[in-house]
Amino acid sequence: MKRFLTGGPKAQTYNPIIDGQDDITDDEIDEKKNLTPKSKRQKRRELIKTEKQKNVRKQLFSDSWLNDERFVGWLQPVVHEPAKAKCISCNTTFGSKKNDIIRHSKSNHHLKSHISNTKLLAVLVKYFSDDELHIQMLDLILVNADDGTAIGLFTLFKNSLKKLNLSTTNIVGYCADNASVMMGCNESFKRYLMKENPHVVVNGCICHTAHLIASSAASCIPNRVEILLQNISTYFSHSPKRQSILKEFQKCMNEYQVKILQPSQTRWLSLHKCVDRILEQLDVLKQLFTLAHVEENNPMAKLIYHKIQNPYNKAYLCFLQYILPLINAFNAFFQSDKVLIFKMYEENEKTSEIFPIEVVEFWMYIKNVKNFNDCAVFPNLSELALVVLILLHGSAGVERVFSMLTDIKTKKRNRLNLNTVKALIRTKLDIKNDNKCCLDYIITEQHLKKFNQCMYDDSDSDEEGSESA
């Protein structure tokens, strides 16, 4: 006999209690529930968790999304997980549905952190025009994930030349950093260029070469010296309290109140200043770490204390203080945009004694020498000399372009279009080549006409970029 509890117009049914039994087992309840259709149990909200899950088809990551303008530079697939995607800018992993990716690209977290992780190929050109030497940015090319190889970079370079109606046969010299993809002997950008133009003169970047030589020579010095510089700077950089203690020690010992500099792997000229600063503050640091390794239960302070008391480490620092200015002077000299290709030879000392004027001015004068028939006397010789003088000796100009890029594309301007960035860099280079600044730059009527509703149109910007180049 079943018992029901009635109340109101409808009866509420509860689990049946069979006469003669106090309880029923869980297995019997599950068996009775299985007799009820799933649709009814869903209305009663009696479905268990496993029954609520729907069989949703997972969307796998598509490689075509890597070339989508909205995702280029930050979207990457997750290895061994084809149904997930990763944002390398935010270091976030999420589902590989396209709607999820679009939603992440519009999130505040992504917009704040995404400056850009895209790879760019900067192409600069050096040439003589109107008896003057010019250095201009030819193009700033976006490098996709599949174009990072030698053949991929050379293909992008050739396509850029075709847009400007130029050819590789017009190239006289080629210079790049000493990366294998650019200057390798077998599969490199240089090899593909020399196949089409075997007469091109190839020069590796002197500054990169000097850095590699100095790094190889520095391998003879124990790496504990460089580690000591890193540890000292790290010890103070993340603690305002330790920085204030350092100032108190400097004030007490009548030393200059200066910060401890941190050496950088990319800025080669900064290592000498770091060594100078450590030797200048060596007595202060010894006293500070003598107290720190006793009072602080910090293994880093104890490690620095024992290293800084070692007289051999001081001897190595004194050697670096002597030798680094010589390397830096050579490095800084060849980072100039001036014509310095002839400076690489010792014979230049004799030439400079004979011709006290600048070498470019000298050969421009020779080019303009004419006879009584108003014909050039040395046209071929001067032309050959000027071609030699435009040969590049380093890639410092390209590094300056990327420095401009980091100044232009900041966290607050992280969504700038590539064409806009190229236009801004070209403007800065043009103003610099004309020895002007933004204060004395003359705005013409042609500039004002371009200031319209189509000024940010991609097609127009591409055409204008081609014309300006």
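Heads up: take any position in the sequence shown, counting from 1, add 55, and you land on this note's numbering.
All residues carry an ideal CB built from backbone N, CA and C; glycine is no exception.
From residue i to residue j, what distance separates their C-alpha atoms?
i              : j              : result
leucine 193    : valine 180     : 6 Å
threonine 147  : lysine 141     : 6 Å
histidine 502  : leucine 471    : 21 Å
isoleucine 84  : valine 134     : Note on isoleucine 84: pLDDT 49, under 50, position unreliable in the model; the coordinate value appears next. Each residue's Cα considered, the two are about 45 Å apart.
serine 437     : glycine 128    : 47 Å
tyrosine 12    : histidine 348  : Absent from the structure is residue 12, since the part of the chain shown begins at 56 and ends at 524.
proline 295    : leucine 121    : 43 Å
serine 94      : asparagine 154 : 31 Å
aspartate 515  : isoleucine 498 : Here the model assigns aspartate 515 a pLDDT of 42, short of 50, so the residue's position is not dependable and the matter cannot be decided.
serine 144     : methionine 459 : 21 Å
histidine 164  : leucine 484    : 34 Å
isoleucine 206 : glutamine 285  : 39 Å
lysine 504     : aspartate 202  : 38 Å
alanine 440    : glutamate 416  : 12 Å
asparagine 368 : proline 380    : 19 Å
cysteine 275   : isoleucine 268 : 12 Å
aspartate 77   : lysine 113     : Here aspartate 77 scores only 43 on pLDDT, less than 50, and its place in the model should not be relied on; the value that follows carries that caveat. Roughly 48 Å separates the two Cα atoms.
lysine 217     : lysine 466     : 34 Å
glutamate 187  : methionine 419 : 9 Å
leucine 358    : cysteine 373   : 21 Å
proline 277    : aspartate 338  : 22 Å
aspartate 185  : lysine 422     : 12 Å
May I ask which residues mark the beginning and end of the beta strand (DSSP E) holding residue i?
i              : result
lysine 113     : Lysine 113 -> no beta strand (DSSP E), and no H or E assigned at all.
leucine 221    : Here leucine 221 belongs to no beta strand (DSSP E), and DSSP marks it neither H nor E.
glycine 228    : 228–231
threonine 147  : 147–150
proline 132    : 130–133
glutamine 191  : 187–198
asparagine 258 : 256–259
Please confirm whether residue i and residue j have their CB atoms less than 7 Å apart.
i             : j                 : result
valine 534    : valine 443        : Because residue 534 is not part of the residues shown, which for the chain are 56 to 524, the question remains open.
leucine 316   : lysine 328        : yes
glutamate 251 : threonine 223     : yes
cysteine 230  : asparagine 258    : yes
glutamine 298 : phenylalanine 304 : no
aspartate 392 : isoleucine 156    : no
cysteine 262  : glutamine 390     : yes
leucine 395   : histidine 448     : yes
leucine 473   : isoleucine 463    : no
leucine 115   : proline 132       : no
Do residue i and the ligand FAD come close, with the Cβ less than 6 Å from some heavy atom?
i              : result
asparagine 225 : Ligands in the displayed structure: none, and consequently the ligand FAD is not present.
Looking at the C-beta of residue i, does it have a partner C-beta in chain B at a distance below 7 Å?
i          : result
lysine 341 : Here chain B cannot be found, since the structure has a single protein chain.
What's the call for residue i, buried or exposed, on a 16-neighbour Cβ count within 10 Å?
i                 : result
asparagine 386    : buried
lysine 477        : buried
methionine 237    : buried
glutamine 312     : exposed
phenylalanine 427 : exposed
serine 117        : exposed
arginine 468      : exposed
isoleucine 287    : buried
leucine 208       : buried
isoleucine 363    : buried
lysine 87         : Interpretation of lysine 87 is limited by its pLDDT of 48, a score under 50 that renders its predicted location unreliable; no figure is taken from the coordinates.
cysteine 260      : buried
glutamine 508     : exposed
alanine 356       : buried
arginine 125      : exposed
histidine 159     : buried
lysine 3          : As shown, the chain starts at 56 and ends at 524. That puts residue 3 outside it, with no answer to give.
phenylalanine 344 : buried
leucine 130       : buried
glutamate 401     : Caution is warranted here: a pLDDT of 49 is assigned to glutamate 401, below 50, making its placement in the model unreliable, and the coordinate value is therefore given only provisionally. Exposed: under 16 other Cβ atoms inside 10 Å.
methionine 510    : exposed
serine 450        : buried
Need the endpoints of the alpha helix (DSSP H) that residue i sits in, please.
i              : result
alanine 431    : Run containing alanine 431: none; DSSP gives neither H nor E here.
glutamate 136  : Segment 136–142 is the beta strand (DSSP E) holding glutamate 136; no alpha helix (DSSP H) there.
alanine 177    : Element bounds for alanine 177: not the alpha helix (DSSP H) but the beta strand (DSSP E), 174–184.
threonine 482  : 473–488
aspartate 462  : 451–463
histidine 448  : Here histidine 448 belongs to no alpha helix (DSSP H), and DSSP marks it neither H nor E.
leucine 381    : 366–388
isoleucine 363 : 354–363
aspartate 338  : 337–350
Since I believe residue j is in contact with residue i (beta carbons under 8 Å), could you give me their beta-carbon distance rounded to a whole number of angstroms?
i              : j             : result
glutamine 336  : glutamate 310 : 6 Å
tyrosine 371   : valine 280    : 5 Å
leucine 211    : leucine 195   : About 11 Å separates the two Cβ atoms, so there is no contact after all.
leucine 446    : valine 227    : 7 Å
lysine 139     : serine 151    : 6 Å
valine 330     : leucine 375   : 5 Å
isoleucine 382 : alanine 265   : 7 Å
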